[in-house]
Amino acid sequence: MEALPNFHLHRPSTIEEATAAMKAEPAARFVAGGTDLIVNMRRGLVETPALIDLNNVAEMQDIASDENDLIIGGAVTLDALADNRTVAHDFPAIAQAAAEVAGSTHRNVATVGGNLCLDTRCIFYNQSGWWRESNDFCLKYKGEICHVAPKSKRCFAVFSGDLAPALLVHGATVSIAGSRGERQIPLADLYRGDGAEYLTLETGDIVTGVSVPKTDTRSAYRKARVRGAIDFPLAGVAVGLRITDGRIAELRAALTACDTKPFLIDKLDAFRGKSVDDTLAQEFGEIVRQQTRPMRTTMSTPWYRRRVVARLARRLLLELSAS
Amino acid sequence: MTDQTTARHTEANVVLRQVGKPLERTDAEGKATGRTRYAGDYTMPGMLHAKVLRSDIASGKLKRLDASKARALPGVTAILTAEDLPDRLAATDMPGQTGQKRAATDRQILVREIIRHHGEPLALIAAETPAIADKAHDLIEYEIEPLPGVYETSAALQAGAPVVTEPDNIVGEHKIRKGDTEKGFAEADHIIENTFHTQFIEHAFLEPEVGLAWVDENGVINIRMSTQVIEHFRFIADAMGVPHNKVRILGAMVGGGFGGKEDITVELYLALLAQATRRPVRLAYTREDSFVGHGKRHPFDITHKTGVTKDGKITALEVTIRADSGAYVFLSPYVLLYCAVAAPGPYRIDNVKIDSKAIATNNMYTSAFRGFGAAQACVAYEAQMDEIAKAISIDRFELRRHNFMRTGDKTATGQTVESAIWSDKCMTQALAALGEPTNAEGPVKVGRGVATYQQSYGRITWFHDTAEAWVGIEVDGTVIVRSGVTDIGAGQASALGQIAAELLGVGLDDVVVYNSDSAVTPLAGTTTATRALYMTGRAAHKASEILRGRLVEFAASELGVRPEDVDLANGQAFVIDNPESAMSLKDLAARGASEGLQRSELAMFRAPFTDPIDEETGQGPVFPDFTYGCHAVEVAVDTETGEVTVLKSVGAHDIGQAINPQAVEGQIEGGALMGQGYALSEELIYQEGKLVSPSFSEYLIPTSMDMPEIKSIILESRSGLGPFGAKGIGEPSLTPVAPAIANAIADAIGTRVFDLPITPEKIVRALREADENA
Ligand SMILES: Cc1cc2nc3c(=O)[nH]c(=O)nc-3n(C[C@H](O)[C@H](O)[C@H](O)COP(=O)(O)OP(=O)(O)OC[C@H]3O[C@@H](n4cnc5c(N)ncnc54)[C@H](O)[C@@H]3O)c2cc1C
Ligand code: SF4
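Protein chains in written order, with the numbering used here: chain W, 4 to 326; chain R, 20 to 793.
Shown next as structure tokens:
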């Protein structure tokens with residue numbers, strides 16, 4: 004780890020000020036908890052003259068509810084999210100995922116916006132400058148080739164945020180403020196599916212919050228990990244289940260740490276109207292496995308990540324149907 | 020969570036007033052309040068900042084190194100390359116106390132031509148600020164021609180393999196021959212053979228290597244640094260070409276060592292830069308420097324072939340051992356010896372044949388690590404015991420009981436163990452402390468495992484190890500202890516205070532310990548090899564006892580009784596049968612001073628001295644003595660994800676005598692967690708010799724969330740060679756933990772992972788293989 008480079012710090016207190024600050028200094032970067040960005044700055048992965056701190060932006064601080072939606076401010080900390088009663092009760096996967104991120108000191112400052120926008124990861128990328136230079140860098144940053152897939156013109160660095168899959172199974176949309184004004188997009192559309200340019204955000208766009216529709220979806224999140232804290236998911240899965248009259252009304256699953264983006268599993272409509280049993284859960288796991296194609300971007304192998312994510316999905320479904 | 024009620028088993032009728040009590044250590048308050056100064060906390064006016072430029076590949080030829088641009092950068096004071104250090108080499112051998120000729124294992128200080136490992140230093144930089152040093156680092160131009168390297172021990176032994184160490188990449192070899200293994204196997208009903216593999220690991224101390232050096236008005240190079248071994252001043256002087264008395268190493272409280280600060284680290288670079296610039300120079304390793312800059316724990320391949328009768332008596336044992344010693348020799352031959360000697364475990368086996376080799380590769384060099392080869396040996400022999408039990412369907416604890424050595428038995432090298440061997444007691448108590456089994460549910464399986472061990476304390480006896488300590492009483496009755504011992508966080512200094520307090524009849528509060536200064540404190544030898552308490556404790560004990568004798572004699576004449584009637588306690592000298600008749604130590608010391616009583620003593624303790632063992636048979640004594648004990652764990656394994664949770668962890672060790680039981684618990688708890696990382700998650704991954712996990716994001720040490728309830732059971736046979744019959748606990752507390760966890764996992768899932776670390780992925784694979792075979 005290298006020394007933290009110098010930078011200016013702006014501390015806007017409204018979204019408008021934040022966007023204006025960015026307009027004035029387009030090479031600046033937003034920072035929230037800094038638990039991802041600062042690490043990357045010290046490693047020379049992010050070079051920027053200025054940071055715009057979103058922690059004081061008033062409009063982004065609250066967890067609120069209206070008639071239809073739960074609204075989570077972009078600067079809400081993961082601790083606050085995990086500890087929120089409504090979230091824990093009505094959107095359990097979201098609270099569980101928030102509580103599983105990194106370690107307790109990280110969650111104290113890490114934010115929802117930061118977790119959704121966190122940089123993708125790869126063993127050839129999350130290294131010091133000295134280390135990366137010895138490989139002539141790589142496609143994602145400063146280099147010409149990808150060391151994971153040398154023939155590829157595309158980067159496969161993996162998205163490993165815990166929160167996104169939980170929000171995806173709850174059908175979340177994100178609110179974005181930027182130079183073009185405000186807009187709302189489904190969370191899935193925040194991600195491009197490219198390890199290098201992983202977000203669809205444009206320069207100056209801020210994720211101001213997330214809206215999650217209130218439904219009677221039961222949900223749960225699990226990540227495979229080696230240790231009890233700090234670890235990014237080796238693979239993570241959220242499952243959302245709506246049961247009507249003992250039968251599946253809706254089944255959703257979303258994965259993280261298996262691709263350059265978090266994603267919803269396809270082809271689950273076929274389960275509608277069926278009741279959950281071991282065989283069905285097995286089939287469900289198999290569908291999850293088939294749609295999972297991780298690359299060798301982490302220390303654990305694609306084989307394991309596929310296998311474990313399918314097993315966890317199956318288990319979560321059984322647990323949810325029994326609850 | 021930690022169980023604070025320590026079960027202690029002390030023999031009756033020994034009155035100790037200070038020793039054996041969980042006194043607040045002399046270093047506790049400073050650490051708790053943040054006042055303790057570590058080596059990195061020292062600065063000096065006009066200080067320069069250093070940085071090391073390292074090779075980014077493992078095997079190559081340095082074709083060009085051009086520092087001219089860096090030298091021209093304003094604020095750069097010095098850049099040293101091999102050209103600036105003609106003909107100088109640095110020792111990698113064991114730091115001796117004796118002046119014995121060292122092994123021919125010196126290495127280049129900076130790369131002159133051939134690069135042998137990833138991270139090998141190319142140049143040293145000193146600049147006015149850390150940022151300028153960083154910039155200079157990036158401005159040094161170099162060209163490295165990659166050379167074919169060798170990264171597997173098996174490849175390194177093949178004909179035509181690149182030669183990393185002349186002549187044949189074999190840097191160490193030891194044999195042990197006892198009895199007749201052919202006969203032993205003939206007597207066996209079963210022969211069980213397995214190979215176990217251990218991985219490269221990192222010490223991962225909290226405090227990366229750091230130091231500050233300056234040349235003083237006498238021309239002495241002073242180095243204030245974080246080290247386990249201030250005696251390296253000799254090697255530094257040799258490497259600099261100056262007399263030994265012109266280099267001084269001052270330690271500071273060390274933020275963890277575990278063997279990783281046993282070899283030379285920053286001190287040589289600091290000395291060279293301080294000498295070249297004549298200014299104070301500070302060098303603080305980054306975590307990445309630390310990962311690539313110091314020697315690692317050796318990976319071993321250990322094959323056990325064991326002959327056993329149907330009722331579980333081991334009749335013969337053949338062990339083949341291979342260690343990866345990496346690119347430079349360092350302590351590999353000794354680590355290998357420890358492994359070979361430890362290979363049979365705490366078991367009495369009459370027919371033994373052990374062959375071991377340490378082999379050079381272009382991986383990072385490997386050297387000391389808590390447990391020093393004996394830990395790897397335990398990973399193999401204790402897993403093998405469970406495999407034997409399984410193969411012949413016999414209770415694994417009974418199998419151990421059947422074969423445990425007893426006091427008076429001989430080790431595989433023919434050394435008679437005269438101290439207590441309480442393996443059985445320790446195992447029984449550790450198992451009992453696990454309590455009721457935890458219920459298993461669904462895909463989660465629960466299992467239990469133990470590992471027992473035999474681990475030496477004290478150095479190899481042909482090193483003729485000695486330690487010195489000075490103890491004095493001031494005219495106001497307070498006590499000073501001086502000893503060179505480095506305190507690496509285990510309370511090494513405080514223990515000396517407690518020993519002096521015991522013998523001189525004062526409280527620990529009345530003692531101040533000065534330690535870790537090669538010029539001023541009497542040299543005590545390294546804080547390694549579980550020898551610090553044993554050796555310096557005995558030296559302090561000896562000095563205190565001599566001083567006590569003088570005080571008692573003087574008090575007796577003052578009190579008009581015989582010396583044998585006088586005792587010292589509570590700051591007083593008193594008549595044993597008539598405690599009213601007493602005088603304070605303060606008066607005693609002051610009276611003594613005015614009468615010319617010598618109020619201090621410098622004592623040397625000598626460990627047993629022997630000649631080296633026989634090269635062909637390995638027969639002869641190797642160590643002063645051994646610690647015995649057991650670690651027991653209960654684990655839960657998720658058979659679908661392969662995730663392991665350690666539920667309970669118990670260390671039961673006969674440590675002879677606890678000087679400070681709280682410090683002993685600290686060792687047992689620390690060992691338990693460190694061993695857990697070794698078993699489950701820690702591994703340095705090298706690809707073509709290049710470390711791909713030089714940070715804590717990929718190198719996974721256990722977190723506080725992974726810490727189970729740890730129970731420490733301290734047994735005290737008072738049979739050790741240390742002060743008051745103490746043995747040692749520093750290394751022993753770690754040694755059995757990883758194999759106990761491996762055995763518990765095997766117990767839980769019914770199949771074994773033979774190579775550490777036992778990651779979730781390996782468990783899932785092993786289960787799938789077992790399924791396919793079933
Ligand atoms: C040791 C360690 C372990 C970790 N483990 C995990 C883990 O297990 N799971 C996990 O998910 N993450 C983990 N992380 C990553 C990180 O801590 C979390 O993802 C965290 O939630 C990031 O939030 P932050 O507020 O700190 O983001 P920051 O670091 O402040 O920002 C991250 C990125 O998002 C951008 N950004 C931040 N907020 C906004 C916004 N409102 N709008 C637009 N862009 C924004 C920033 O510009 C930056 O590019 C770990 C990090 C560390 C250092
Ligand atoms: S996937 Fe390829 S391009 Fe992307 S970070 Fe890894 S090595 Fe670089």
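Just so you know, even glycine gets a beta-carbon here, dropped at the ideal spot from N, CA and C.
None of these values were measured; they are calculated from a predicted model.
Under 8 Å Cβ-Cβ, which residues of chain W neighbour residue i?
| i | result |
| --- | --- |
| residue 62(R) | Result: empty, since nearest Cβ-Cβ is about 17 Å, beyond 8 Å. |
| residue 704(R) | 302 |
Going by alpha carbons, who is nearest to residue i out of the options?
| i | options | result |
| --- | --- | --- |
| residue 643(R) | 178(R), 136(R), 477(R) | 477(R) |
| residue 566(R) | 405(R), 577(R), 555(R), 498(R) | 498(R) |
| residue 342(R) | 569(R), 112(R), 383(R) | 383(R) |
| residue 361(R) | 330(R), 393(R), 367(R), 350(R) | 393(R) |
| residue 571(R) | 527(R), 616(R), 535(R), 530(R) | 616(R) |
| residue 179(W) | 116(W), 280(W), 142(W) | 116(W) |
Do you know offhand how far residue i's Cα is from residue j's?
| i | j | result |
| --- | --- | --- |
| residue 78(W) | residue 14(W) | 13 Å |
| residue 65(R) | residue 5(W) | 23 Å |
| residue 390(R) | residue 751(R) | 7 Å |
| residue 238(R) | residue 302(R) | 20 Å |
| residue 48(W) | residue 322(R) | 45 Å |
| residue 186(W) | residue 171(W) | 18 Å |
| residue 71(R) | residue 97(R) | 12 Å |
| residue 56(R) | residue 716(R) | 28 Å |
| residue 495(R) | residue 593(R) | 17 Å |
| residue 66(W) | residue 268(W) | 28 Å |
| residue 562(R) | residue 493(R) | 15 Å |
| residue 688(R) | residue 168(R) | 40 Å |
| residue 211(R) | residue 339(R) | 14 Å |
| residue 222(R) | residue 354(R) | 16 Å |
Return no unless some Cβ of chain W is closer than 7 Å to the Cβ of residue i.
| i | result |
| --- | --- |
| residue 20(R) | For residue 20(R), the pLDDT reaches just 37, beneath the cut-off of 50, and the residue's location in the model is therefore unreliable, leaving the point undetermined. |
| residue 786(R) | no |
| residue 725(R) | yes |
| residue 176(R) | no |
| residue 728(R) | no |
| residue 81(R) | no |
| residue 307(R) | yes |
Can you pull the chain W neighbours of residue i, defined as C-beta to C-beta under 9 Å?
| i | result |
| --- | --- |
| residue 76(R) | 137 |
| residue 711(R) | 126, 127, 130, 134, 302 |
| residue 721(R) | 230, 231 |
Can you confirm whether residue i, when its beta carbon is compared against all beta carbons of chain R, has any partner nearer than 7 Å?
| i | result |
| --- | --- |
| residue 231(W) | yes |
| residue 307(W) | yes |
| residue 314(W) | yes |
| residue 184(W) | no |
Please list the partners that residue i has in chain R, where partner means a Cβ-to-Cβ separation under 8 Å.
| i | result |
| --- | --- |
| residue 311(W) | 659, 660, 661, 779, 783 |
| residue 6(W) | 149, 150, 153 |
Mind pulling the chain W residues with CB within less than 7 Å of residue i?
| i | result |
| --- | --- |
| residue 716(R) | 129 |
| residue 475(R) | Correct list: empty, because the minimum Cβ distance to chain W is about 32 Å. |
| residue 700(R) | 229, 230 |
Is residue i close to chain A? Criterion is C-beta to C-beta, closer than 7 Å.
| i | result |
| --- | --- |
| residue 252(W) | The question asks about chain A, but that chain is absent: this structure's protein chains are W and R. |
Show which residues of chain R have a CB atom less than 9 Å away from the CB atom of residue i.
| i | result |
| --- | --- |
| residue 221(W) | Those do not exist, as residue 221(W) stays about 19 Å from chain R at its closest Cβ, beyond 9 Å. |
Give the list of continuous alpha helix (DSSP H) stretches no shorter than 4 residues that lie fully inside the stretch 662-741 of chain R. 680-699
Uninterrupted beta strand (DSSP E) stretches inside the stretch 204-242 of chain R (no shorter than 3 residues): 209-216, 229-234
Which residue spans inside the stretch 15-68 of chain W form an unbroken alpha helix (DSSP H) run of at least 4? 18-27, 40-45
Identify every run of the alpha helix (DSSP H) within the stretch 317-395 of chain R, keeping only runs that are complete inside it and at least 4 residues long; order them along the chain. 351-361
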